Structure formats: structure tokens, C-alpha cells
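Data first, discussion second: the structure below is written as C-alpha cells.
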């Protein structure tokens with residue numbers, strides 16, 4: 287596909303790998319040798335790519351993401367993030383956006399966005415400048431002094447994305463960030479995320495169980511089987527960017543969506 | 013007709029009660045021994061103001077120190093028990109059941125150990141107030157959303173940072189509820205112990221004047237205690253709402269809220 291090759295060149299990083307997962311398996315400790323959660327995962331994510339992992343609930347896709355973030359240790363195999371292992375969370379390499387917005391209710395919107403910067407001891411003026419920039423990037427000017435309970439679900443996720451991006455990490459990991467939102471807000475937020483991604487140019491790994499969301503957002507879709515999670519399909523989406531809502535009605539979109547569904551259906 | 017504000021109603025009820033206190037004894041419906049008129053109570057309070065003031069100072073001193081013990085030890089023990097699983101499993105059931113024991117039964121022993129002066133009151137009221145502070149601190153720490161800590165770790169928070177930036181602010185509302193209750197119990201503890209065995213303090217004045225059937229002076233002491241407790245409660249609430257300003261933020265400025273539709277760009281179809 288011509289335009290796809292062009293896009294990769296546009297990002298100027300064709301072929302470079304941001305995340306590499308090799309021979310990864312994970313077993314939750316317990317009686318009878320524990321519960322196998324992930325098995326034989328090998329994958330790589332190119333720099334600047336938007337990769338979506340889909341799979342049924344409980345297939346271990348969130349665990350895999352937490353391992354990429356350095357928040358959890360796998361039993362076997364290794365993960366390289368920008369060429370280096372990630373034994374501990376490293377917010378300057380990897381930003382994480384969680385399913386629940388997990389904003390701190392005692393901090394204002396701006397203070398929430400600045401939180402990772404203040405942990406590093408960055409001076410207040412510099413922090414404010416950066417968090418203000420992030421606030422306008424996610425379209426929430428004027429809400430900087432609000433507290434999380436004053437924001438809607440979609441707005442909270444915008445703040446959460448801003449917080450994930452504020453350290454300008456090359457990699458952004460997103461764990462079902464829109465799962466708690468209603469369908470309309472979810473579609474709007476997906477569209478917004480693509481807009482933000484097109485300006486911020488991050489490598490994104492996005493976990494979801496929504497097939498439509500997966501096809502709409504992704505460059506590549508990785509399909510996982512139920513527990514123990516394995517990668518059972520790898521799909522290049524190849525729809526042109528910027529994506530539009532109209533594309534969802536096209537045959538290509540339907541076929542891609544159907545292919546993922548068939549893969550998942552086979553296994554459950 | 014517009015319904016009056018709750019605050020107005022509360023003040024009206026208070027004024028009505030005070031008026032009843034003044035009027036009912038004047039009608040002779042109740043003998044003065046049962047209920048002396050408000051004016052008479054205030055008069056003896058004024059005449060004996062030096063005595064009452066001195067007693068109040070003793071009580072305040074004991075209350076202050078016992079609150080310090082209750083809050084300090086309560087928060088420390090609560091943090092340890094709430095934060096460390098081993099201590100929680102070992103100690104929490106013990107503390108929870110001790111809380112149900114009427115600790116006042118220990119007071120005679122305390123007077124034997126510490127004498128009938130201020131020390132025994134401080135020790136007793138301190139322990140009395142300790143339990144709610146300790147239990148709610150433990151609960152506050154135990155019930156923190158684990159997602160908060162996960163998010164903080166993902167942003168690079170070290171363990172000390174997780175404690176100061178997440179665990180403490182997240183548990184503050186529950187801890188404050190415990191402090192409010194613990195402080196109130198400390199006041200009760202001091203007054204009760206003064207009434208039982210003492211040689212000074214407001215509680216002592218209640219008992220002393222009751223034994224000589226000087227009803228106006230009993231009520232004067234009761235009035236002083238009432239004012240003390242209400243002042244404490246209002247102070248605690250004011251401090252709490254200052255510290256936890258984020259809990260009520262939205263209700264203060266809903267009228268000036270900018271419209272979300274104006275700031276969030278509508279998704280374009282293209």
C-alpha cells in the first residue's frame with residue numbers, strides 16, 4: 287500500500303523499533319504451579335506507530351501493558367523499550383494512561399497534569415508552562431483550576447492523556463482509556479486522541495476490547511487469545527489518515543473488523 | 013411563602029430553646045432546683061466568673077494535652093496498623109474490640125497511678141480519644157484506591173513520594189473524621205473524669221455544686237461545657253473544610269462555570 291509506506295517515511299523512522307517483546311510468558315503464582323496468564327509473546331512496535339492490542343476480557347492484555355510500563359515483572363522473556371530493558375517505571379521513556387482516569391481528587395486539573403514533573407522537582411514556573419500547553423493540546427483551556435469531581439468522564443480522560451504526555455515520553459501506553467465512557471463520548475475521544483497523536487507523534491500501544499475502536503485507531507492490530515494470552519493475529523489496517531467517521535461505513539473497515547472478530551470467536 | 017434557609021431555622025430553634033429556658037422556670041412549672049432560669053444562671057456565672065474561668069483553664073489544659081496524645085498516638089498507631097499488613101492482622105481486631113469496652117472503668121485505676129490531679133484526666137481522656145483516631149487513620153490508609161498508587165508509580169514516584177504525595181492526602185478525609193470524633197471524646201473524657209474524682213476543673217464544679225444543691229451554679233458549669241464543646245466542633249469543621257477544600261470546590265462556583273461545549277473542539281468529520 288503506497289500511502290502507508292509514505293506515512294512511515296513521513297515519520298522518518300521506518301524500521302526503527304520502539305518496543306520489542308521477546309519470548310515473554312507470565313504465570314500468576316498460586317497452587318498447582320500457578321495460573322498461566324501470558325504465553326510466548328513476541329512482538330515489536332515500530333517508532334511512531336499506533337498499535338492496538340485487542341482480546342477478550344482477562345486475556346492478559348493489561349498485564350502485558352503493565353510489563354511494558356515497568357509496573358509489573360514477567361516470569362519469563364524480556365521487554366526492550368527503546369533498546370533498553372525497563373525494570374522500573376521510567377516516565378521519561380514511557381507515559382501510561384489508565385482505564386480509570388486515576389486523577390488525584392485532591393489536586394486541580396493543572397496540578398494533576400504537573401504531578402510527574404513535580405516528582406522530579408521541576409521549578410513551578412516551568413511546570414505551569416508545560417501543563418498549560420498540555421491543557422490546550424487536549425482542548426481543556428479554562429478548566430485548569432477545576433478538581434476532578436467537577437469534570438465529566440471524557441474530560442477526566444483528556445486530563446489523564448495530558449498527564450501521560452507532559453513529560454514528552456516517546457512511548458505512550460494506554461490501558462482501555464475510554465472503556466468507562468459512553469459510546470458517543472468514546473468515539474469523540476478516539477478521534478481526539480488521533481488528533482493529539484498526529485501532533486505529538488508518539489509510539490502508542492493501546493489496549494481495548496472494542497473492535498471498532500481498534501480498527502479506527504490503529505496502524506496495526508494485534509489480536510490476543512483468551513488466557514493464557516497469546517498473539518494469534520497481526521493485522522495491518524492500512525486505512526488512510528486522517529481517519530474519518532465515514533470510513534467506519536466502508537467495506538474495508540467492515541472486513542478488517544470482521545477478521546478480528548473471527549479470530550477472537552475461534553478461540554472462545 | 014419561601015422556605016427559610018436551614019441555617020436560619022437552626023438559629024431560631026436555638027433562640028427558642030434559650031427563651032424556654034428563661035420562661036418555663038418563671039412560670040413556676042418547674043422548681044428552681046430542677047431548672048433555674050437562664051438569667052439566674054448567667055448571673056451566678058458572672059458573679060463567680062473568676063472561679064469558673066480558673067476551672068475552665070484547668071479543663072482546657074487537660075483537654076489540649078489529651079487531644080495531643082489522642083491525635084498524635086492515634087495517627088501514628090493508625091498509620092502503622094493501616095500500612096503494615098502484619099500489624100493489621102495482629103492488632104486491628106484487638107483495637108477494634110477494645111474500642112467497644114467502656115474505658116471509664118479504668119479511671120479509678122488511673123487515679124491510683126497518677127493521683128487525682130490533671131495527669132489522670134489527661135491519661136484517661138487521651139486513651140478515650142485515641143481509639144477513633146487510630147481506627148479511622150488505619151481505615152483511611154487501608155481504603156486508598158490502589159489505582160492511585162499504580163498511577164503514581166508509573167509517573168516515577170519513589171516510596172517516600174508515594175507516602176507524602178498520595179497516601180497522606182488520600183487518607184486525610186477519613187483521618188479528619190476520626191480526629192473530630194477523637195477530639196470530642198477527649199473533651200468528654202476530661203469532663204467525666206473531673207466529675208468523678210477531681211479537685212479542679214469545670215466537671216469538678218458540676219459535682220461540687222450538685223452535692224450542695226446549688227442548681228444555678230451546676231447549670232452555669234454545664235453552660236460553660238456546652239460552649240466549650242460547640243466552639244471545639246466549629247473550630248474542627250472550619251479547619252477541616254480549609255484543609256479539604258477540593259471536596260467542596262464545585263459547589264462554590266457552579267454559577268460561573270464556563271461551558272464545555274465552547275472549549276472542546278467538535279469532532280470534524282474530515
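Chains as they are written, first to last, in our numbering: chain A, 287 to 554; chain B, 13 to 282.
Here a beta-carbon is modelled for each residue, glycine too, at the ideal position from N, C-alpha and C.
Source: prediction; values computed, not measured.
Below-8 Å beta-carbon distance, residue i vs any chain B residue
| i | result |
| --- | --- |
| residue 502 of chain A | no |
| residue 340 of chain A | no |
| residue 405 of chain A | yes |
| residue 391 of chain A | yes |
| residue 336 of chain A | no |
| residue 304 of chain A | no |
| residue 355 of chain A | yes |
| residue 386 of chain A | yes |
| residue 534 of chain A | no |
| residue 375 of chain A | yes |
C-alpha gap between residue i and residue j, whole angstroms
| i | j | result |
| --- | --- | --- |
| residue 316 of chain A | residue 359 of chain A | 16 Å |
| residue 76 of chain B | residue 318 of chain A | 58 Å |
| residue 368 of chain A | residue 483 of chain A | 19 Å |
| residue 23 of chain B | residue 32 of chain B | 14 Å |
| residue 499 of chain A | residue 473 of chain A | 8 Å |
| residue 361 of chain A | residue 323 of chain A | 10 Å |
| residue 99 of chain B | residue 90 of chain B | 10 Å |
| residue 329 of chain A | residue 179 of chain B | 37 Å |
| residue 521 of chain A | residue 152 of chain B | 47 Å |
| residue 219 of chain B | residue 228 of chain B | 13 Å |
| residue 545 of chain A | residue 508 of chain A | 12 Å |
| residue 310 of chain A | residue 518 of chain A | 14 Å |
| residue 321 of chain A | residue 162 of chain B | 22 Å |
| residue 287 of chain A | residue 302 of chain A | With a pLDDT of only 44 at residue 287 of chain A, under the threshold of 50, the placement of this residue in the model should not be trusted, and no figure is reported. |
| residue 438 of chain A | residue 118 of chain B | 53 Å |
Neighbour flag for residue i against chain A, beta carbons, 8 Å
| i | result |
| --- | --- |
| residue 191 of chain B | no |
| residue 166 of chain B | yes |
| residue 33 of chain B | no |
| residue 281 of chain B | The pLDDT assigned to residue 281 of chain B is 36, lower than 50, so where the model puts this residue is not dependable, and the model offers no usable value. |
| residue 147 of chain B | no |
| residue 110 of chain B | no |
| residue 163 of chain B | yes |
| residue 160 of chain B | yes |
| residue 28 of chain B | no |
| residue 172 of chain B | no |
| residue 169 of chain B | yes |
| residue 258 of chain B | yes |
| residue 228 of chain B | no |
For residue i: DSSP bridge partner residues
| i | result |
| --- | --- |
| residue 314 of chain A | A/321 |
| residue 367 of chain A | A/305 and A/370 |
| residue 491 of chain A | A/337 and A/459 |
| residue 131 of chain B | Note: residue 131 of chain B sits in no beta bridge, so no partner. |
| residue 478 of chain A | None, per the DSSP bridge assignment. |
| residue 522 of chain A | A/506 |
| residue 517 of chain A | A/510 |
| residue 332 of chain A | A/303 |
Q) Counting Cβ pairs closer than 8 Å, one from the region 341-352 of chain A and one from the region 524-543 of chain A, do we hit at least three? A) no
Q: Evaluate contact between the region 431-447 of chain A and the region 392-403 of chain A, counting only Cβ atoms and requiring at least three cross-stretch pairs below 8 Å.
A: Taking 8 Å as the limit for Cβ pairs, the verdict is that the region 392-403 of chain A does touch the region 431-447 of chain A.
(Q) Does the contact criterion of 3 or more C-beta pairs under 8 Å hold for the region 197-215 of chain B versus the region 127-143 of chain B? (A) yes
(Q) Give the list of continuous alpha helix (DSSP H) stretches no shorter than 4 residues that lie fully inside the region 422-474 of chain A. (A) 439-451
**Q.** Segment contact, 8 Å Cβ cut-off, at least three pairs: the region 322-336 of chain A with the region 479-495 of chain A
**A.** yes
Q: Assess, as a yes-or-no matter, whether the region 440-459 of chain A is touched by the region 363-382 of chain A under the definition of 3 or more beta carbon pairs within less than 8 Å.
A: yes
Q | Cβ pair count under 8 Å reaching 3, the region 56-63 of chain B against the region 219-236 of chain B | A | yes
Q. Does the pairing of the region 123-131 of chain B with the region 173-187 of chain B give three or more beta-carbon distances under 8 Å?
A. no
Q: Specify whether the region 61-81 of chain B and the region 209-227 of chain B touch according to this definition: at least 3 beta carbon pairs, one from each stretch, less than 8 Å apart.
A: yes
Q: With a floor of 4 residues, list each alpha helix (DSSP H) that falls wholly inside the region 194-248 of chain B, ordered by position along the chain.
A: 214-223
(Q) Under 8 Å, with one C-beta from each stretch per pair, do the region 401-414 of chain A and the region 159-179 of chain B reach the 3-pair mark? (A) yes
Q: Counting only runs of 3+ residues fully inside the region 56-140 of chain B, write out the beta strand (DSSP E) ranges in chain order.
A: none
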